[in-house]
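**Q** Residues 0 to 296 in numbering that gives the first Met the number 0 are what the sequence shown spells out, letter by letter.
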Amino acid sequence: MSPPVPLPPAGAHGGDGVAVARALGLDPSSLLDLSQNMNPAAPPVADLVTRHLDALGRYPDTGPATTYLAQALEVDPQRLLLTNGGSEAIHLVTQVLGGRVRSEPEFGLHPRGESGPTWRTDPHSPSGRLAGQDEHADVWDEAFYALATGRWTARRPGVVVGSLTKTFNCPGLRLGYVVADPHLIAACARAQAHWSVSTLALAVLPDLLDLADLPAWSATIATLRAQLLDLCSGHGLRVEAADAPWVLVHEPGLRERLAPHGVLVRDCASFGMPGVARIAVPDAAGMERLATALDSS
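(1) Roughly how many angstroms separate the alpha carbons of Leu33 and Ala283, rounded to a whole number?
(2) Using a 10 Å radius around the Cβ and a threshold of 16 neighbouring Cβ atoms, would you call Met0 buried or exposed?
(3) Which residue comes first and which comes last in the beta strand (DSSP E) that contains Trp245?
(4) What are the boundary residues of the alpha helix (DSSP H) that Ser232 is part of?
(5) Smallest Cα separation from Ser124: which of Gln35, Gly252, Ser195?
(6) Please identify the residue among Leu129, Ala276, Gly10 whose C-alpha is closest to the C-alpha of Thr148.
(7) Rounded to whole angstroms, how far is the Cβ of Val196 from the Cβ of Leu174, which I believe are closer than 8 Å?
(8) Taking 7 Å as the threshold (C-beta atoms), are Leu31 and Ala258 in contact?
(9) Counting pairs of Cβ atoms below 8 Å between the segment 274-288 and the segment 244-258, do you hit three or more?
(10) Measuring CB to CB, does Gly115 end up less than 7 Å from Gly131?
(11) Given a threshold of 16 other Cβ atoms within 10 Å of its Cβ, counted over all protein chains shown, does Ala218 qualify as buried or as exposed?
(12) When you compare only the Cα positions, how much space is there between Tyr67 and Leu227?
(13) Pull up the distance between the alpha-carbon of Arg57 and that of Gln77, whole angstroms please.
(14) From Ser296 to Cys231, what distance separates their C-alpha atoms?
(15) If you compare alpha carbons, which of Ala71, Asp53, Asn83 is closest to His193?
(16) In terms of residue numbering, what span does the alpha helix (DSSP H) encompassing Asp206 cover?
(17) Leaving out the 5 sequence neighbours to the left and right, which residues in its chain are closer than 8 Å to Val246 when beta-carbon positions are compared?
(18) When the Cα of Leu208 is compared with those of Asp60, Phe270, Ala71, Asp26, which residue comes out closest?
(19) Does Ser162 pass the burial test, meaning 16 or more other C-beta atoms within 10 Å, or should it be called exposed?
(20) Compare the Cα-Cα distances from Phe167 to each of Ser102, Val248, Pro27, Asp212 and report the closest residue.
(21) Under the DSSP definition of a beta bridge, which residues are partnered with Glu239?
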């Protein structure tokens, strides 16, 4: 087994592959970053983006993209606000409503007030478990709901925040949303910076929605997650898997073991879970790279 390699401290939310690669003298593009959870079944979006480069010469107009997404979610456009990623959606609702998490551990961007509406991720982060019918919250974070279920939303009452960039594996485009009653949407819109969502992201959004195949993607992720579970278990690791596009591995130092072999996993210490790593479900090629890294570490 390779000795631990000094790495930059783990980021609070994963996705710190560039910093880790640079510290190890690796080309960032050569690192498999499984500390961030994206859709391994989504097709590349680069070709879609290049079709809309003329949008860079215009200021954003959210109207058409909002209407298109509202049709996909089957909600009234007045109940929908497009945001600069799921993080802005959370920030805006927090500014307007505040709130608290129902229990710990929970996603780090959710508010930790002493009162107010309760927040819950679904599937739950970090456990990956989908909420049961008897579970309740006031604000639901459905960033990974589509990938876990093959459906856009659970259609529960209350407020929903979402992240399209997870669904389409394009975190650089920064696309998220809030679904709520029109009064709350108006309040969030007033708190939102002008031209928050880029013209390029707005132009690409209809094309992304047209190529979405949520049932097929969810089924593929379930198959890959089972393979990931078998792979980790076969290497003597204690693994937890539920409904989300990741697994939890109880193995101290796994981040430090795998990084020198070109694979980065998430340290869950920021969840209050030291000694636990979260591994995003990779595609088939990523699964082979992870297997090689586990063999070599």
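We treat Cβ as the ideally placed atom computed from N, Cα and C, and that holds for glycine. Since the model is a prediction, treat every value here as computed from it, not as a measurement.
**A** The answer reads as follows:
(1) If you number the sequence shown from 1, residue 33 lands on position 34. If you number the sequence shown from 1, residue 283 lands on position 284. Near 13 Å, if we compare the C-alpha coordinates of Ala283 and Leu33.
(2) Sequence index remark: in the sequence shown, residue 0 carries index 1 (1-based). Reliability of the predicted coordinates at Met0 is poor, the pLDDT of 47 falling under 50, and the value obtained from them is presented with this limitation in mind. When all chains shown are included, Met0 counts as exposed.
(3) On the sequence shown, residue 245 is found 246 positions in, with the first residue counted as 1. Here the beta strand (DSSP E) through Trp245 covers 245-249.
(4) As a first step, residue 232 must be located in the sequence shown, where it is residue number 233. Residues 213-233.
(5) Translated into the one-based positions of the sequence shown, residue 124 becomes position 125. Nearest of Gln35, Gly252, Ser195 to Ser124, Cα basis: Gln35.
(6) In the sequence shown, residue 148 corresponds to position 149, counting from 1. Closest by alpha carbon: Leu129.
(7) If you number the sequence shown from 1, residue 196 lands on position 197. If you number the sequence shown from 1, residue 174 lands on position 175. About 7 Å separates the two Cβ atoms, so the contact holds.
(8) The residue given as residue 258 occupies position 259 in the sequence shown. The residue given as residue 31 occupies position 32 in the sequence shown. No, the Cβ-Cβ distance between Ala258 and Leu31 is not below 7 Å.
(9) yes
(10) Within the sequence shown, residue 115 is the residue found at index 116, counting from 1. Within the sequence shown, residue 131 is the residue found at index 132, counting from 1. It is not a contact, given that the beta carbons lie outside the stated cut-off.
(11) For this step, residue 218 is matched to residue 219 along the sequence shown. Its Cβ having fewer than 16 others within 10 Å, Ala218 is exposed.
(12) Locating residue 67 in the sequence shown gives position 68, where the first residue counts as 1. Locating residue 227 in the sequence shown gives position 228, where the first residue counts as 1. So the alpha carbons of these two residues sit roughly 35 Å apart.
(13) Against the sequence shown, residue 57 aligns to sequence position 58. Against the sequence shown, residue 77 aligns to sequence position 78. Distance between the alpha carbons of Arg57 and Gln77: 24 Å.
(14) By one-based count along the sequence shown, residue 296 stands at place 297. By one-based count along the sequence shown, residue 231 stands at place 232. The alpha-carbon atoms of Ser296 and Cys231 are separated by roughly 13 Å.
(15) Position 194 of the sequence shown, counting from 1, holds the residue named residue 193. The candidate whose alpha carbon is nearest that of His193 is Asn83.
(16) Residue mapping note: residue 206 aligns to position 207 of the sequence shown, counting from 1. Element bounds for Asp206: 198-210.
(17) To locate residue 246, count along the sequence shown from 1; it is residue 247. So the list reads Gly127, Arg224, Leu227, Leu228, Cys231, Val238, Glu239, Ala240, Arg277, Ile278, Val280, once near-sequence residues are dropped.
(18) By one-based count along the sequence shown, residue 208 stands at place 209. Comparing Cα-Cα distances from Leu208 to each of Asp60, Phe270, Ala71, Asp26, the minimum goes to Ala71.
(19) As a first step, residue 162 is located in the sequence shown; it is residue number 163 there, counting from the start. Looking at its Cβ environment, which holds 16 or more other Cβ atoms inside 10 Å, Ser162 is buried.
(20) If you number the sequence shown from 1, residue 167 lands on position 168. The shortest C-alpha separation from Phe167 is found at Asp212.
(21) For this step, residue 239 is matched to residue 240 along the sequence shown. Leu247, per the DSSP bridge assignment.
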